[in-house]
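*Asks:*
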Amino acid sequence: MARFLIKRLGQAVLVILAVGLLSFLMVRTVGDPVQSMVREDATVAERAALRARLGLDDPVPIQFAKYLGRAMQGDFGISYRNQRPVAEMIVERLPATLELVLVATVLALAIGIPLGVITAIRPRGPLANGVQAVSLVGVSTPTFVTGILLILLFAVTLRWLPSFGRGETVELGWWSTGFLTLSGWRALLLPSLTLALFQMTLIMRLVRAEMIEILQSDYIRFARARGLPQHDIHYRLALKNALMPVLTITGMQIGGLIAFAIVTETVFQWPGMGLLFIQAVQFADVPVMAAYLMFVGLVFVALNALVDVTYAVVDPRLRTGGAA
Amino acid sequence: MRSIHGASETSGLRVRGLTVSYGRRGHAVPAVEAVDVDAAPGEIVAIVGESGAGKTSIGTALLDLVDPPGHWTAREVTLDGETIDYRTTHTRGRDVSVIFQDPQTALNPLFTVESQLVHMVRHHLGLDRGAAKRRAIEMLEEVGIPDAVARVGQYPHQFSGGMRQRVVIALALACRPRLVIADEPTSALDVSIRAQILALIRRLCREKGMACLLITHDMGAVAQISDRAVVMRDGRAVETGPTTRLLSGAQHPYSRALIAAVPPAHRRLPRFAVPDTGAAVTDAELERWLRDRPTAGGDTPLAVDELTKVFRLPGRLFGRGARAVRAVDAVSFALAPGEIFGLVGESGSGKSTLAQIAAGLRWPDAGEARVLGRRFGPTTPKAALRGYRQGLQMVFQDPYSSLNRRMTVLETILEPMADTPRAVGLRLVPALLERVGLPRDVARRHPHAFSGGQRQRIAIARALAGRPRVLICDEPTSALDVSIQAQILNLLKDLRDELGLSMLLITHDLPVVRQMCDRVGVMQSGRLVEMGPTERVFDAPEASYTQMLLTHLPRLPERQPAS
Numbered sequence: 135m136a137r138f139l140i141k142r143l144g145q146a147v148l149v150i151l152a153v154g155l156l157s158f159l160m161v162r163t164v165g166d167p168v169q170s171m172v173r174e175d176a177t178v179a180e181r182a183a184l185r186a187r188l189g190l191d192d193p194v195p196i197q198f199a200k201y202l203g204r205a206m207q208g209d210f211g212i213s214y215r216n217q218r219p220v221a222e223m224i225v226e227r228l229p230a231t232l233e234l235v236l237v238a239t240v241l242a243l244a245i246g247i248p249l250g251v252i253t254a255i256r257p258r259g260p261l262a263n264g265v266q267a268v269s270l271v272g273v274s275t276p277t278f279v280t281g282i283l284l285i286l287l288f289a290v291t292l293r294w295l296p297s298f299g300r301g302e303t304v305e306l307g308w309w310s311t312g313f314l315t316l317s318g319w320r321a322l323l324l325p326s327l328t329l330a331l332f333q334m335t336l337i338m339r340l341v342r343a344e345m346i347e348i349l350q351s352d353y354i355r356f357a358r359a360r361g362l363p364q365h366d367i368h369y370r371l372a373l374k375n376a377l378m379p380v381l382t383i384t385g386m387q388i389g390g391l392i393a394f395a396i397v398t399e400t401v402f403q404w405p406g407m408g409l410l411f412i413q414a415v416q417f418a419d420v421p422v423m424a425a426y427l428m429f430v431g432l433v434f435v436a437l438n439a440l441v442d443v444t445y446a447v448v449d450p451r452l453r454t455g456g457a458a
Numbered sequence: 156m157r158s159i160h161g162a163s164e165t166s167g168l169r170v171r172g173l174t175v176s177y178g179r180r181g182h183a184v185p186a187v188e189a190v191d192v193d194a195a196p197g198e199i200v201a202i203v204g205e206s207g208a209g210k211t212s213i214g215t216a217l218l219d220l221v222d223p224p225g226h227w228t229a230r231e232v233t234l235d236g237e238t239i240d241y242r243t244t245h246t247r248g249r250d251v252s253v254i255f256q257d258p259q260t261a262l263n264p265l266f267t268v269e270s271q272l273v274h275m276v277r278h279h280l281g282l283d284r285g286a287a288k289r290r291a292i293e294m295l296e297e298v299g300i301p302d303a304v305a306r307v308g309q310y311p312h313q314f315s316g317g318m319r320q321r322v323v324i325a326l327a328l329a330c331r332p333r334l335v336i337a338d339e340p341t342s343a344l345d346v347s348i349r350a351q352i353l354a355l356i357r358r359l360c361r362e363k364g365m366a367c368l369l370i371t372h373d374m375g376a377v378a379q380i381s382d383r384a385v386v387m388r389d390g391r392a393v394e395t396g397p398t399t400r401l402l403s404g405a406q407h408p409y410s411r412a413l414i415a416a417v418p419p420a421h422r423r424l425p426r427f428a429v430p431d432t433g434a435a436v437t438d439a440e441l442e443r444w445l446r447d448r449p450t451a452g453g454d455t456p457l458a459v460d461e462l463t464k465v466f467r468l469p470g471r472l473f474g475r476g477a478r479a480v481r482a483v484d485a486v487s488f489a490l491a492p493g494e495i496f497g498l499v500g501e502s503g504s505g506k507s508t509l510a511q512i513a514a515g516l517r518w519p520d521a522g523e524a525r526v527l528g529r530r531f532g533p534t535t536p537k538a539a540l541r542g543y544r545q546g547l548q549m550v551f552q553d554p555y556s557s558l559n560r561r562m563t564v565l566e567t568i569l570e571p572m573a574d575t576p577r578a579v580g581l582r583l584v585p586a587l588l589e590r591v592g593l594p595r596d597v598a599r600r601h602p603h604a605f606s607g608g609q610r611q612r613i614a615i616a617r618a619l620a621g622r623p624r625v626l627i628c629d630e631p632t633s634a635l636d637v638s639i640q641a642q643i644l645n646l647l648k649d650l651r652d653e654l655g656l657s658m659l660l661i662t663h664d665l666p667v668v669r670q671m672c673d674r675v676g677v678m679q680s681g682r683l684v685e686m687g688p689t690e691r692v693f694d695a696p697e698a699s700y701t702q703m704l705l706t707h708l709p710r711l712p713e714r715q716p717a718s
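First to last, the sequence lines map onto chains A and B. 135 is the number of the first residue of the first sequence in my numbering; add one for each residue after it. 156 is the number of the first residue of the second sequence in my numbering; add one for each residue after it.
1. Buried or exposed: Ile370 of chain B, going by 16 or more other Cβ atoms within 10 Å of its Cβ?
2. Output yes if chain B places a C-beta closer than 8 Å to the C-beta of Leu236 of chain A; else output no.
3. Would you kindly check if the distance between the Cβ of Ala415 of chain B and the Cβ of Arg669 of chain B is under 8 Å?
4. With which residues is Gln679 of chain B paired in a DSSP beta bridge?
5. If you check the beta carbons only, do Val273 of chain A and Thr335 of chain A fall under 8 Å apart?
6. Classify Cys360 of chain B as helix, strand or coil using the three-state DSSP reduction.
7. Go to Leu280 of chain B, then tell me how far its alpha helix (DSSP H) extends in each direction, as first and last residue.
8. Given this structure, state the Cα-to-Cα distance separating Val251 of chain A from Ala343 of chain A, to the nearest angstrom.
9. Counting only Cβ pairs nearer than 7 Å, list the residues of chain B close to Tyr353 of chain A.
10. Taking Arg249 of chain B as the query, report the chain A residues whose CB atoms sit under 7 Å from its CB, ordered along the chain.
11. Between which two residues does the alpha helix (DSSP H) containing Gln259 of chain B stretch?
12. Given this structure, state the Cα-to-Cα distance separating Ala321 of chain A from Tyr214 of chain A, to the nearest angstrom.
13. Pick from B:Asp664, B:Asp520, B:Thr706: whose alpha carbon is nearest that of Pro418 of chain B?
14. Helix, strand or coil for Asp652 of chain B per DSSP?
15. Given Ser502 of chain B, which residues of its chain have a CB within under 6 Å of its CB, disregarding the five upstream and five downstream residues?
16. Between Ala242 of chain A and the rest of its own chain, which residues show a CB-CB distance below 6 Å, the 5 nearest in sequence each way excluded?
17. If I measure Cβ to Cβ from Val480 of chain B and keep anything under 6 Å in the same chain, skipping five residues before and after, which residues do I get?
18. Just curious, the beta strand (DSSP E) that Glu660 of chain B is in, first and last residue?
19. Which residues in the same chain have their Cβ closer than 7 Å to the Cβ of Met318 of chain B, if we skip the five residues on either side of it in sequence?
20. Check distances from the C-beta atoms of the stretch 654 to 683 of chain B to those of chain A and list, in chain order, the residues that come in under 8 Å.
21. Helix, strand or coil: which one does DSSP assign to Ser297 of chain A?
22. Whole angstroms are fine: how far does the CA of Leu262 of chain B sit from the CA of His312 of chain B?
23. Can you say whether His278 of chain B is buried or exposed, counting buried as having 16 or more other CB atoms within 10 angstroms of its CB?
24. Please go through the same chain and pick out, in chain order, the residues whose beta-carbon is closer than 6 Å to the beta-carbon of Asp673 of chain B, but skip the five residues on each side of it.
25. Is Asp694 of chain B helix, strand or coil when you go by DSSP?
26. In the stretch 361 to 402 of chain A, which residue ranges form an unbroken beta strand (DSSP E) of at least 3 residues, counting only runs that do not cross its ends?
27. Just tell me which of B:Pro519, B:Pro602, B:Leu490 has its CA closest to the CA of Val675 of chain B.
28. Please classify Gln416 of chain A: does DSSP put it in a helix, a strand, or coil?
29. Less than 8 Å between the C-beta atoms of Arg284 of chain B and Asp484 of chain B, yes or no?
30. Return the CA-CA distance between Glu253 of chain B and Thr311 of chain A, expressed in angstroms with no decimal places.
31. Look at the alpha carbon of Val235 of chain A and the alpha carbon of Leu316 of chain A, and state the distance between them as a whole number of angstroms.
32. Run through chain B and tell me which residues come within less than 8 Å of Leu489 of chain A, C-beta to C-beta.
33. The stretch 434 to 454 of chain A: which residues have C-beta closer than 8 Å to a C-beta of chain B, in chain order?
34. Let me confirm a value: Thr177 of chain A is counted as buried when at least 16 other C-beta atoms fall within 10 Å, else exposed. Which label applies?
35. Do Thr328 of chain A and Leu284 of chain A count as a contact pair if the criterion is CB distance below 8 Å?
36. By alpha-carbon positions, which one of A:Val415, A:Phe138, A:Val240, A:Gly299 ends up nearest to Leu381 of chain A?
See the structure below:
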């Protein structure tokens, strides 16, 4: 187990280094940072002085090492646009995105798994057919279309829910949460549903496919032949086996959700990191973009590692090998 | 001898007119037609037949597990005089239970043995948690699992194959069923374990007074434990009778043919007594082409010398270093031209690894293999392997996965004929198909159009197309029915006789070795523990391991000469 974790950690470091290099190259090559920082009438000497101060005279590998060193200390530089430390801006926006992704994941799992089981047990039933048809629409409709349609229905026509923003938030230390107010929850509903829809259908289809296969397996047939009740076979025995790949996909998709959140946050003007990134792109605010890239890379790597560990916890075969 | 009627009318299982059909009504295909079966308490009734005979469907129907749109009917299905009621959820598992074939797949890998046993006992018998756990431990002790108290909390993967099958049996019998259906309970196990599991089933049936239906194609198992047997063919019971009488003097010609196809372990036959469907036809051009194989230096077709292969298992990071398993440990032998050399041993003994090295599919860690004087050792470069492999072909175990299903038979066989002009190849393929007992005109078809035995013939034709001097056959018949096995073995023997091929035959099936091989080597944990002429090894084994293997051989009663 320890060996496995260390191997994983090594891979994670490599991935982070690669992503770091990418974001470093972005900062260095997209535009001239000196050009965007100095006054327009700055002299050549002033520019050179700034260049030296920013370390841009050093050889590229040294610059990269310094960049990584600073990033590890949480220093991603200063935003070109509003002259504030990038790290500070990200931390500020982090809670909004994470709360959105958390609720979307819970929604996707809570609805997707039971639907998957039901459609697997009765693959030809009316419910299964209906759900399959709807899920096809869910998979193939782009997020921004579902978002806009939901706004049209619930915010514009029915006027039940707000169409943008986070509602009222409560500050818990540096974390601002929308979970503690009614308006926060109302504001969360539409964006999280929009974000969850794709994952929900994905999880449903995955659970369905896995369940159908596992229900044909020898050990389920053996359980049936031993007269165990249907309900136990479906929800206790088979589901546990079917959830193994769901675990992997969900873990990876959380990373995907954070990335997808860019679209959802734009549609709902959700003040999260995705919106921050889109705004940074519009203003060519390279340090923010680079930091966002690093952050998303880190999240993906961390989630993957987490999934691996959870896998070992759920599946006894991965814990200690070998027959006794 | 129990009478079929009489006593069994009031106790044990009584089935009359059982019919099972698959497919929708209207297009239903009957798998079992009007079969009668009886089994008294404590009696083991074997249901034997080849694949497709409908024997498994009988078990499935008696458990009421026929998947729709299949369905089953019977005039009478009674257990101890009462009609079995499949509407209650407690019939299955408590009154009628089943032992599955493959212990590797029959147990849910994510639940402990305890949880699987307790779940079942609590559901059927309504015991509380403590009593259910005591019952679970008791069951494990009953099926002979040592240290049951400690092992009950373990997961299935922590048990060896034989122990796992014991767990499957404990699960099947946990609620003391009156009828147990054992569906090929030992065909996934090693020979030495096979005998133990069969003995266990017999002991438990006798002790607990359970009626048992033993569904199997293994005549050895039938001979070892069954009291009576029902011979099935195409869904019908062709003959029913006491096992000893059936084995020594079956009435029905099909029963006789089935029994004759079983390779006897204690006597050598010149040939298997099966009607060869499709006799081999020889073609002058093909024979010339086959004999015109490139010869290299050296007369020894295949030799291995101190061959060693070590597998390193990942060890713990902290603690002992990586463990190493010597899968093949300094093995040496040589094949004479035209000789069939058998390599036997249980699973994990290293015989397949050895075959893969000899075939040039894996590098050895030490020692070398030689084919017609060309050497293959740990340092042989990949480029030199092509030369080594010339003159050598392989026939694999599973004819379903060893043929590329996207290629036609013609393409499959032409592939190794790369050094022959295509026009000649196209002429030779139909002749080659006839040579292995297939019709000439099947070359344009894909593998899915063929049965298992026919596919193995295609695989042999493909091997011949490489004009080998040596054929390495890795369990060539263990995926096949017994009468098909006999045909394939006859074919291999003929090819050896007519083409002077040498063969390395890897198998765990000792009777097959006795029938096929001139010499035999016995492998145990990577080492060759005994080697010698087949007759000598079987009649006077020297190594204790060989003696152990041979004591587990089921002995069929000598049959009376067919009248």
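Backbone N, C-alpha and C define an ideal beta-carbon position, used for all residues, glycine too.
*Replies:* Considering the structure as presented:
1. By one-based count along the second sequence, residue 370 of chain B stands at place 215. Buried, since its Cβ has 16 or more Cβ neighbours within 10 Å.
2. Here residue 236 of chain A corresponds to residue number 102 of the first sequence, with the count starting at 1. No, Leu236 of chain A does not count as interfacial toward chain B.
3. As a first step, residue 669 of chain B must be located in the second sequence, where it is residue number 514. As a first step, residue 415 of chain B must be located in the second sequence, where it is residue number 260. No; because the gap between Cβ atoms is not below 8 Å, this pair is not in contact.
4. Taking the second sequence and counting its residues from 1, one reaches residue 679 of chain B at position 524. The partner list for Gln679 of chain B (beta bridge, DSSP) reads B:Arg682.
5. The residue you call residue 273 of chain A lines up with position 139 of the first sequence. The residue you call residue 335 of chain A lines up with position 201 of the first sequence. Yes. Within cutoff.
6. Counting from one through the second sequence, the residue named residue 360 of chain B turns up at place 205. Three-state DSSP puts Cys360 of chain B in a helix.
7. Counting from 1 along the second sequence, the entry for residue 280 of chain B is found at position 125. Here the alpha helix (DSSP H) through Leu280 of chain B covers 268 to 280.
8. One-based indexing of the first sequence puts residue 251 of chain A at position 117. One-based indexing of the first sequence puts residue 343 of chain A at position 209. Whole-angstrom Cα-Cα distance: 9 Å.
9. Here residue 353 of chain A refers to the residue found at position 219 when the first sequence is read from its first residue. Thr260, Ala261, Leu262, Asn263, listed in chain order.
10. Position 94 of the second sequence, counted from the first residue, corresponds to residue 249 of chain B. By Cβ distance, chain A contributes Gly361.
11. Here the question's residue 259 of chain B lines up with position 104 in the second sequence. Here Gln259 of chain B belongs to no alpha helix (DSSP H), and DSSP marks it neither H nor E.
12. For the purposes of this step, residue 321 of chain A is taken as residue 187 along the first sequence, with counting starting at 1. For the purposes of this step, residue 214 of chain A is taken as residue 80 along the first sequence, with counting starting at 1. The straight-line gap from Cα to Cα measures roughly 31 Å.
13. Taking the second sequence and counting its residues from 1, the one referred to as residue 418 of chain B is at position 263. Checking every option, the nearest Cα to that of Pro418 of chain B belongs to B:Asp664.
14. Indexing the second sequence from 1 puts residue 652 of chain B at position 497. It is helical.
15. Residue mapping note: residue 502 of chain B aligns to position 347 of the second sequence, counting from 1. Closer than 6 Å at Cβ, skipping near neighbours: Asp345.
16. One-based indexing of the first sequence puts residue 242 of chain A at position 108. If we look at Ala242 of chain A and ignore the five residues flanking it on each side, its Cβ neighbours are Ala330, Gln333, Met334, Ile337.
17. By 1-based counting over the second sequence, the position of residue 480 of chain B is 325. Cβ neighbours of Val480 of chain B beyond the five flanking positions: Phe466.
18. As a working mapping, residue 660 of chain B is identified with position 505 in the second sequence. For the record, residue 660 of chain B in the displayed sequence is Leu; it is not Glu. Segment 657 to 662, the beta strand (DSSP E) holding Leu660 of chain B.
19. Numbered from 1 along the second sequence, position 163 holds the residue referred to as residue 318 of chain B. Only Ile300 meet the Cβ criterion.
20. none
21. As a working note, residue 297 of chain A is residue 163 in the first sequence. The answer is coil: DSSP assigns Ser297 of chain A none of H, G, I, E or B.
22. Position 157 of the second sequence, counting from 1, holds the residue named residue 312 of chain B. Position 107 of the second sequence, counting from 1, holds the residue named residue 262 of chain B. Computed Cα separation, rounded: 9 Å.
23. Locating residue 278 of chain B in the second sequence gives position 123, counting from the first residue. Flag for His278 of chain B reads buried.
24. Position 518 of the second sequence, counted from the first residue, corresponds to residue 673 of chain B. Correct list, in chain order: Glu494, Ile495.
25. Within the second sequence, residue 694 of chain B is the residue found at index 539, counting from 1. Asp694 of chain B: helix per DSSP, three-state reduction.
26. none
27. Numbered from 1 along the second sequence, position 520 holds the residue referred to as residue 675 of chain B. Here the closest residue by C-alpha is B:Leu490.
28. Taking the first residue of the first sequence as 1, we reach residue 416 of chain A at position 282. Reduced to three states, the DSSP call for Gln416 of chain A is helix.
29. Taking the second sequence and counting its residues from 1, one reaches residue 284 of chain B at position 129. Taking the second sequence and counting its residues from 1, one reaches residue 484 of chain B at position 329. No.
30. Residue mapping note: residue 253 of chain B aligns to position 98 of the second sequence, counting from 1. Residue mapping note: residue 311 of chain A aligns to position 177 of the first sequence, counting from 1. For the sequence presented, residue 253 of chain B should be read as Val rather than Glu. Cα-Cα distance, rounded: 57 Å.
31. Position 101 of the first sequence, counted from the start, is the residue given in the question as residue 235 of chain A. Position 182 of the first sequence, counted from the start, is the residue given in the question as residue 316 of chain A. Rounded to the nearest angstrom, the two C-alpha atoms are 19 Å apart.
32. In the structure as shown, chain A starts at 135 and stops at 458, and residue 489 of chain A therefore has no counterpart that could be examined.
33. Val448, Asp449, Pro450, Arg451
34. One-based indexing of the first sequence puts residue 177 of chain A at position 43. Exposed is the call here.
35. By 1-based counting over the first sequence, the position of residue 284 of chain A is 150. By 1-based counting over the first sequence, the position of residue 328 of chain A is 194. Closer than 8 Å, so yes.
36. Stepping through the first sequence from its first residue, residue 381 of chain A is reached at position 247. For Leu381 of chain A, the nearest C-alpha among the options comes from A:Val240.
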